[in-house]
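Residue 0 is where the sequence shown starts when you use this note's numbering, and the numbers rise one by one after that.
Taking it in order: structure first as structure tokens, then the write-up.
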Amino acid sequence: MRRLGPTLHDARVRAVAVGSVGVGVVDVRSALTPAGGMTVFAGTAFALLGRGMVHGRHGAHRALVALLAGGSLGWILSRSHPREAVAGAVMVALLLLAPPVFILDAKPERRRLVASWIVAVVLMDVAIGCGALVLLRRVAPGVALHETLARLVGLSGPLAAHGRQGSVPGSVTLLGVISLAGLLVFALAPTADESEPQDAERQRARWLVREHADDSIDGFALRRDKRYVLSRDGAAVIAYRYLFGVGLASGDPVGQASAFDDCLREFLVRCHEHGWRPVVMMAGADCLGLYDRLGMKVLYLGDEVVIDVNTFSLGGGRMRNVRQAVSRSANAGVTTDVVREGDLSPELRRSLADVAARSRGRHRELGFSMALEEPFSAEHPECLLVVCWNRMGEPIAFQRYVPCKGGECVSLDAMRRIPGSPNGVNERMIVEMVRWAGAHGVTELSVNFVGFRRVIAEGASPSAARFVAGRFLRIVNPFKVASLYRFSAKFHPRWVPRYLAYRSRTDLPAIGVAAMTAEGLLPLSRPAAASNQ
């Protein structure tokens with residue numbers, strides 16, 4: 000069984016890292032130097048190196064050993080602060096016993112890149128510092144170089160740091176602190192996923208989705224901007240995207256259930272090897288036990304809206320609103336048709352692409368975990384479209400559905416309509432798709448996802464979910480979320496809960512930024528062309 004490596008919730012790693020940072024700060028304040036600049040430098044270094052060590056960076060581990068050992072040696076030689084010397088020695092011993100845990104190390108090309116940046120930043124800082132001192136303090140170049148080199152490492156140089164122009168040396172020290180912090184953040188940053196998915200991996204993923212998909216969102220694993228991790232026997236695959244230090248998987252593994260454990264372990268290993276925070280969005284209830292066994296926590300995200308085709312009916316008082324919406328569209332002369340995307344004529348394809356563009360307007364594309372790329376890309380000819388036509392025979396709206404579960408389910412991917420289209424068009428297309436599904440052996444229709452539905456509808460949920468929901472609704476218009484809930488509830492669907500599986504609560508802020516960026520809710524990094532759900 001492959002080792003998953005250190006995580007933020009690993010008590011040993013946390014204790015050693017926090018202890019190292021604490022002793023390091025005491026190190027600086029008590030023994031190394033009375034200089035305030037050096038204190039800032041060392042405190043910055045210890046804080047960032049401790050954070051890097053928590054995330055399993057071998058380089059951070061080695062640097063902390065060197066710094067703590069140097070501080071302890073200084074105490075011993077000066078015969079002062081014996082308690083701090085003992086504490087530092089203990090932390091060095093703990094760090095030396097810990098290396099097997101810290102298995103993440105930079106690749107040679109990464110180390111060369113970091114080294115080149117260090118040289119470039121140091122040269123730039125020296126040039127800026129010397130130039131500022133020569134121009135503003137009117138000192139000789141040799142004195143300026145001496146002062147700059149001292150100030151860039153937190154020491155005092157030959158010049159006084161007071162008087163009318165005394166801020167210049169202090170500014171050089173500040174420049175050094177900023178440069179040190181930037182270089183450490185860069186050196187210890189996660190390794191970006193720059194590889195392109197192999198055609199063999201994508202073909203294997205497509206085959207597994209077609210032959211073994213057992214979830215209503217499995218079809219979205221084929222989205223073009225997703226990468227893949229296969230189980231070692233190739234019997235299961237998980238789709239993910241890398242963003243901002245997060246390995247963002249969308250949905251449970253697809254394939255044979257017996258291979259899910261190995262597939263997830265391979266995904267966690269990949270995240271650890273690159274220094275990513277692993278997370279699985281839209282995890283299903285059936286796999287929660289698996290995530291628990293792998294040491295992951297789960298957080299309720301919301302509910303998928305699923306219509307049971309065999310029991311759906313427009314009859315009865317509770318379906319009155321849907322019935323009236325369908326009637327309004329029919330009275331406006333709207334007609335519908337269901338067609339495979341691969342069977343669209345070139346003319347109709349162009350017309351529907353125009354509908355999509357007019358529907359979207361200037362808004363960002365939304366969707367990642369439950370969306371494919373923009374319709375009509377020729378990537379997914381198996382998708383189904385419900386098309387609405389006006390009295391003149393012009394297309395005014397469409398919905399695209401992705402086949403899942405071996406054809407037993409179709410999931411809504413895109414919902415587009417020209418502004419000003421007759422009321423009831425969206426309800427009409429869903430009802431027509433239900434009718435088509437009933438005639439073609441499809442038993443389920445997944446039509447939406449309502450984030451934190453229980454919080455919105457019932458107000459009863461764990462405190463963590465309420466907290467995350469509050470942050471989510473501050474970013475996403477709460478009126479839109481409530482409107483989506485009311486629209487979905489009109490169909491009296493089956494609410495299928497979805498969860499977030501993650502490793503540590505301290506990862507949640509980064510996960511939230513990455514997830515909302517991938518879904519198009521934050522304009523930090525435009526996702527690949529996606530569809531709205």
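Where a beta carbon is used, it is the ideal one built from N, C-alpha and C, also for glycine.
All of these numbers come straight from a predicted model, not from anything done at the bench.
Closest by C-alpha distance to M123, out of E108, E381, G175 and A159, is G175. In the displayed model, K404 falls within a helix according to three-state DSSP. For D302, the uninterrupted beta strand (DSSP E) run begins and ends at K296 to D307, by DSSP. Taking the Cα positions, R109 is about 17 Å away from A62. The continuous stretches of alpha helix (DSSP H) do not include F448, which lies in the beta strand (DSSP E) extending over residues E443 to G450. Ranked by how close their Cα comes to the Cα of A456, the residues A488, V325, D217 and V228 have A488 in first place. Around the beta carbon of E346, a 10 Å sphere encloses fewer than 16 other beta carbons of the protein chains shown; the residue is thus reported as exposed.
Per DSSP, M428 is one residue of the alpha helix (DSSP H) stretching across V424 to A438.
The residue among M432, R322, L66 and G250 with its C-alpha nearest the C-alpha of G423 is R322. Assigned with DSSP and collapsed to three states, Q398 falls in strand.
If you ignore the 5 residues before and after E340, its C-beta comes within less than 8 Å of the C-beta of P374, F375, H379, P380, E381, C382, L383, L384 and R399, all in its own chain and listed in chain order. For A324, the secondary structure class from DSSP, reduced to helix, strand or coil, is helix.
Counted as a single uninterrupted DSSP element, the alpha helix (DSSP H) harbouring C129 occupies residues P107 to L135. With at least 16 other beta carbons inside 10 angstroms of its own, I306 counts as buried. When the five nearest sequence neighbours on each side are left out, the beta carbons in the same chain lying within less than 6 Å of the beta carbon of C262 are those of S230, A235, I237 and P252, in order along the chain.
For W388, the secondary structure class from DSSP, reduced to helix, strand or coil, is strand.
Look at V208 here: in three-state DSSP terms it is helix. Take the alpha-carbon of V278 and the one of A500: they are about 6 Å apart.
Going by DSSP, P508 is part of no beta strand (DSSP E) but of the alpha helix (DSSP H) stretching over L507 to A517. In summary, W206 is exposed, with fewer than 16 beta-carbon neighbours lying within 10 Å of its beta-carbon over all protein chains present. A distance below 7 Å between beta-carbons, with the five flanking residues on each side excluded, links A481 to the following residues of its chain, in chain order: I455.
Distances from the alpha-carbon of A352 to those of N330, A324 and P394 put P394 closest. Under the three-state reduction of DSSP, M369 is assigned to coil, being neither helix nor strand. Taking C-beta separations shorter than 6 Å and ignoring five residues to either side along the sequence, the partners of R327 in its chain run N422 and G423, following chain order.
Bridge partners of Y484 according to DSSP: none are assigned. If you keep only unbroken beta strand (DSSP E) runs of at least 3 residues inside the region 215 to 271, you get 226 to 229, 235 to 242 and 245 to 249. The secondary-structure analysis by DSSP pairs R497 across a beta bridge with G283 and G301.
For D353, the enclosing alpha helix (DSSP H) covers residues P345 to R359. For V338, the enclosing beta strand (DSSP E) covers residues T334 to R339.
Leaving aside the five residues that flank L144 on each side, the residues in its chain whose CB is nearer than 8 Å to its CB run, in chain order, V125 and C129.
In the structure shown, P418 adopts coil according to DSSP, grouped into three states. In the three-state DSSP reduction, P140 falls in the helix class (H, G or I). Cβ-Cβ distances below 7 Å link V133 to P140 and A143 in the same chain, with the five nearest sequence neighbours on each side left out; the list follows chain order. When DSSP reads this structure, V167 sits in no beta bridge, so it has no partner. When secondary structure is reduced to three states using DSSP, R276 falls in the strand class.
Checking the DSSP bridge columns, you'll see V409 partnered with P402 and L444.
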